[in-house]
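2 protein chains.
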Amino acid sequence: MFMFFDAKVINKQFKSLLKKIKDFDKIVIYRHEMPDFDAFGTQMGLYYWIKDNFPLKEVHYVGDSHRTFVPDLFPEPQVLDESWYDQNEHLAIVVDTATVDRIADRHIEKAKYVIKLDHHINVDHYANEEIVYDKFAAASELLALFVMAQPRKYIVSQDAARAFYIGIIGDTGRFQYQDVSPMTLRLAADLLATGIDKTEIYNQMYKSSLRQLNFLKFVLNNYKVSEKGTCYYVLTDEDLKRLDIEVTEGKLHINTFRNVEGVTSVVSVTEDKAKGEWRVSLRSAHKVIVNVAQQFNGGGHEYAAGAKLKSLDELPALIKALDEAE
Amino acid sequence: MFMFFDAKVINKQFKSLLKKIKDFDKIVIYRHEMPDFDAFGTQMGLYYWIKDNFPLKEVHYVGDSHRTFVPDLFPEPQVLDESWYDQNEHLAIVVDTATVDRIADRHIEKAKYVIKLDHHINVDHYANEEIVYDKFAAASELLALFVMAQPRKYIVSQDAARAFYIGIIGDTGRFQYQDVSPMTLRLAADLLATGIDKTEIYNQMYKSSLRQLNFLKFVLNNYKVSEKGTCYYVLTDEDLKRLDIEVTEGKLHINTFRNVEGVTSVVSVTEDKAKGEWRVSLRSAHKVIVNVAQQFNGGGHEYAAGAKLKSLDELPALIKALDEAE
Numbered sequence: 000m001f002m003f004f005d006a007k008v009i010n011k012q013f014k015s016l017l018k019k020i021k022d023f024d025k026i027v028i029y030r031h032e033m034p035d036f037d038a039f040g041t042q043m044g045l046y047y048w049i050k051d052n053f054p055l056k057e058v059h060y061v062g063d064s065h066r067t068f069v070p071d072l073f074p075e076p077q078v079l080d081e082s083w084y085d086q087n088e089h090l091a092i093v094v095d096t097a098t099v100d101r102i103a104d105r106h107i108e109k110a111k112y113v114i115k116l117d118h119h120i121n122v123d124h125y126a127n128e129e130i131v132y133d134k135f136a137a138a139s140e141l142l143a144l145f146v147m148a149q150p151r152k153y154i155v156s157q158d159a160a161r162a163f164y165i166g167i168i169g170d171t172g173r174f175q176y177q178d179v180s181p182m183t184l185r186l187a188a189d190l191l192a193t194g195i196d197k198t199e200i201y202n203q204m205y206k207s208s209l210r211q212l213n214f215l216k217f218v219l220n221n222y223k224v225s226e227k228g229t230c231y232y233v234l235t236d237e238d239l240k241r242l243d244i245e246v247t248e249g250k251l252h253i254n255t256f257r258n259v260e261g262v263t264s265v266v267s268v269t270e271d272k273a274k275g276e277w278r279v280s281l282r283s284a285h286k287v288i289v290n291v292a293q294q295f296n297g298g299g300h301e302y303a304a305g306a307k308l309k310s311l312d313e314l315p316a317l318i319k320a321l322d323e324a325e
Numbered sequence: 000m001f002m003f004f005d006a007k008v009i010n011k012q013f014k015s016l017l018k019k020i021k022d023f024d025k026i027v028i029y030r031h032e033m034p035d036f037d038a039f040g041t042q043m044g045l046y047y048w049i050k051d052n053f054p055l056k057e058v059h060y061v062g063d064s065h066r067t068f069v070p071d072l073f074p075e076p077q078v079l080d081e082s083w084y085d086q087n088e089h090l091a092i093v094v095d096t097a098t099v100d101r102i103a104d105r106h107i108e109k110a111k112y113v114i115k116l117d118h119h120i121n122v123d124h125y126a127n128e129e130i131v132y133d134k135f136a137a138a139s140e141l142l143a144l145f146v147m148a149q150p151r152k153y154i155v156s157q158d159a160a161r162a163f164y165i166g167i168i169g170d171t172g173r174f175q176y177q178d179v180s181p182m183t184l185r186l187a188a189d190l191l192a193t194g195i196d197k198t199e200i201y202n203q204m205y206k207s208s209l210r211q212l213n214f215l216k217f218v219l220n221n222y223k224v225s226e227k228g229t230c231y232y233v234l235t236d237e238d239l240k241r242l243d244i245e246v247t248e249g250k251l252h253i254n255t256f257r258n259v260e261g262v263t264s265v266v267s268v269t270e271d272k273a274k275g276e277w278r279v280s281l282r283s284a285h286k287v288i289v290n291v292a293q294q295f296n297g298g299g300h301e302y303a304a305g306a307k308l309k310s311l312d313e314l315p316a317l318i319k320a321l322d323e324a325e
């Protein structure tokens, strides 16, 4: 089987991670702000795994909340007093977060030791220790491999398995995207074999509403396709209000266009009036678009990325850059 | 791991299947008419597997064609002269077909021996030998297990793996539906590990078009939801013509409504003017609807089934039966 990592190297990294978890009595698990399924799932899966196997440790999960996930999929994130950070030496484990400014809670400065666990392209080395593989389809896949690779005395509970499964589903579009490997499917099988209820998971994850269908209808009435196949739709603040849609939901229907004949890439542009900017999501089934995202204040994965515009005046340049991407 | 079959029993069945394949010099693989991904994938996967491992045998794949699959996913089905059937003793292997009247080519009467390989509820015992497990998520899953269980001297080529992968993806909604088990994911991993290009597969399978998006827009403008959550849309022959949609495509957007809050089941009703009837597709994420399908001239799986109406006058009774299903 094709492997994109060295088993010896990753084993050593996993051993070091386990040792650090053992060494510290207090652990805080961080992830990026505006969490997606993978950020939240990786954080909570790791939380349950540590709690299940080291019940005497004090472990926390912090960060901003998100109405898509709380309370149906995950509990409300914890908030620790400033004094807690001052009084306790803690191990910070940051999952699924490429750059330090994206971490949802900024207390890692007060951590004694920081470990970064991620699957984004590694540019910002903010940690004392890094386990970063950008070919993993999800941060949850990396952590699922970690827990499944441990000796049998360490249990993988359904709580932990469910969270990692959610993360993998979320970041792979249910096993669809380019970076899904046979390992991804095998780890998912192992997680499923713990007895988790995938139907419950999918019902929660894919829960849609008549409100969202109404939004889809709007998008179908308003999308455009450039001559070179860049498909895009724009949501103004006014549209969001009329449709009862949040800024973070703007990209919701982007994948509807991903595999349409003649479409080479898809863009959603959503006004974020509070921040005075336009949030951009980019997807492609055909060409690498992360470079374009980087040109417009963003980043992400090869075929799925995000960016920002200061005004709609920049939109033609963005479309042009995507038209010309290969 | 939970198993819904007896490994000894299925091994014996697989040995018998292999023996019959060895015994016959001429084999015809049949499947149901109006093929879906699974029927076509199972048929072609088995065809390649036999050709790859027994190159001297004469093997054929027969049945009606379908523009969704031919020629992008599979080759045009073969047509054999009437005289071929008269002059040759052949083994008939019928895949993914519950009842004899659904077989796309009726020459199994002329077969010396008939084997049924299926994952639908087994009511019609038309074969000399049956390997039928209605808990398998796809007929392709059953056949993937068969080929993966063989001694190593038998190869599983990328052609065979690709066809079975397509079948599994098709009948599980990409690993989503209730009957997906850890085994489903493990077999899919094994198929993927042969080196098949899943991105090419998904691009072909999920290929959409502006024509289909236009159809989706129509559906979103015209669906209805009953008080008890039965969601339905009706396509008349006139609608089909205006939208450039074929009868077989009528159910295309049924899953759009499957997980909408408040929706308990989804129905598409499509006029088949040539046959003077209305084709019904039923889906649910919440309740078993195959009983209702059986009441209306149909059948299928617990959560995904098909039926027929003689006229739209029967529609209220169908909606009522779905409202009352549990």
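These protein sequence lines map, in sequence, to chains A and B.
For the first sequence, counting from 1, position 217 maps to 216 in numbering that gives the first Met the number 0; every step adds exactly one.
For the second sequence, counting from 1, position 103 maps to 102 in numbering that gives the first Met the number 0; every step adds exactly one.
Every residue, glycine too, gets a C-beta built ideally from N, C-alpha and C.
Neighbouring residues, chain B, relative to residue i (Cβ below 8 Å)
i: S64/A; result: By Cβ distance, chain B contributes nothing, its closest Cβ being about 20 Å from S64/A, past 8 Å.
Sequence-distant residues of its chain with Cβ nearer than 7 Å to residue i (five each side left out)
i: L242/A; result: N213, F214 and F217
i: N52/B; result: Y153 and I154
Which of helix, strand or coil DSSP assigns to residue i
i: Q175/B; result: coil
i: G44/B; result: helix
i: V218/A; result: helix
i: T269/A; result: strand
i: H300/B; result: coil
i: Y201/B; result: helix
i: E128/B; result: strand
i: D63/B; result: coil
i: D117/A; result: strand
i: N50/B; result: Looking at the sequence itself, residue 50/B is Lys, so the reference to Asn does not match. Three-state result, K50/B: helix.
i: T229/B; result: strand
i: A91/B; result: strand
i: A306/B; result: strand
i: S139/B; result: helix
i: Q211/B; result: helix
i: H285/B; result: coil
Contacts of residue i in chain B (Cβ-Cβ under 7 Å)
i: K250/A; result: Chain B residues near K250/A: none, gap ~17 Å exceeds 7 Å.
i: A159/A; result: Here the premise fails: no neighbours, minimum Cβ distance about 16 Å.
i: A187/A; result: L184
6 Å Cβ shell around residue i - same chain, five flanking residues per side excluded
i: E326/A; result: In the structure as shown, chain A starts at 0 and stops at 325, and residue 326/A therefore has no counterpart that could be examined.
i: A316/B; result: none
i: A284/B; result: R257 and N258
i: P318/A; result: Note that residue 318/A is Ile in the sequence shown, not Pro. The answer, listed in chain order, is S225 and T229.
Contact set for residue i: own chain, Cβ-Cβ below 8 Å, skip 5 residues either direction
i: D85/B; result: K109
i: F23/A; result: K56, E88, H89, L90, K111 and Y112
i: F1/A; result: Because the pLDDT of F1/A is 49, which lies under 50, any placement of that residue in the model is unreliable, and the number read from its coordinates should be weighed accordingly. Here the set comprises S180.
i: V61/B; result: V27, I28, Y29, P76, Q77, V78, L79, A103, D104 and H106
i: G261/B; result: V224 and G228
Rounded straight-line distance, which links the Cα of residue j to that of residue i
i: D117/B; j: S15/B; result: 16 Å
i: R282/A; j: G299/A; result: 11 Å
i: G172/B; j: D80/A; result: 46 Å
i: R237/B; j: N221/B; result: For clarity, residue 237/B is Glu in the given sequence; the question names Arg instead. For E237/B and N221/B, the distance between alpha carbons rounds to 14 Å.
i: D133/A; j: D123/A; result: 13 Å
i: F295/A; j: W277/A; result: 11 Å
i: R161/A; j: I253/B; result: 28 Å
i: M204/A; j: L72/A; result: 8 Å
i: F145/A; j: L321/B; result: 45 Å
i: G169/B; j: F36/B; result: 5 Å
i: M33/A; j: L17/A; result: 28 Å
i: I167/B; j: G194/A; result: 21 Å
i: I92/A; j: A192/A; result: 27 Å
i: G40/A; j: D196/B; result: 28 Å
i: Y201/B; j: A6/B; result: 32 Å
i: Q42/B; j: V94/B; result: 6 Å
Under 9 Å from the C-beta of residue i: neighbouring residues of chain A
i: K197/B; result: F174, Q175, Q177 and V179
i: A162/B; result: Within chain A, no residue comes near A162/B; the closest Cβ sits about 18 Å away, beyond 9 Å.
Any non-hydrogen atom of the ligand GTP within 6 Å of residue i CB
i: S310/B; result: In the structure on display, the ligand GTP does not appear, and there are no ligands present to speak of.
Interface positions of the region 258 to 286 of chain B facing chain A (Cβ-Cβ less than 9 Å), listed along the chain: Cβ contacts with chain A: N258, V259, E260, G261, V262, A284 and H285.
Residues of the region 202 to 215 of chain B whose Cβ lies closer than 7 Å to any Cβ of chain A, in chain order: N202, Y205, K206, S207, S208, L209, L212 and L215
Interface residues of the region 217 to 229 of chain B facing chain A [CB-CB below 9 Å]: Here the close residues are L219, N220, Y222 and V224.
Positions along the region 137 to 157 of chain A whose CB lies within less than 9 Å of some CB in chain B: none
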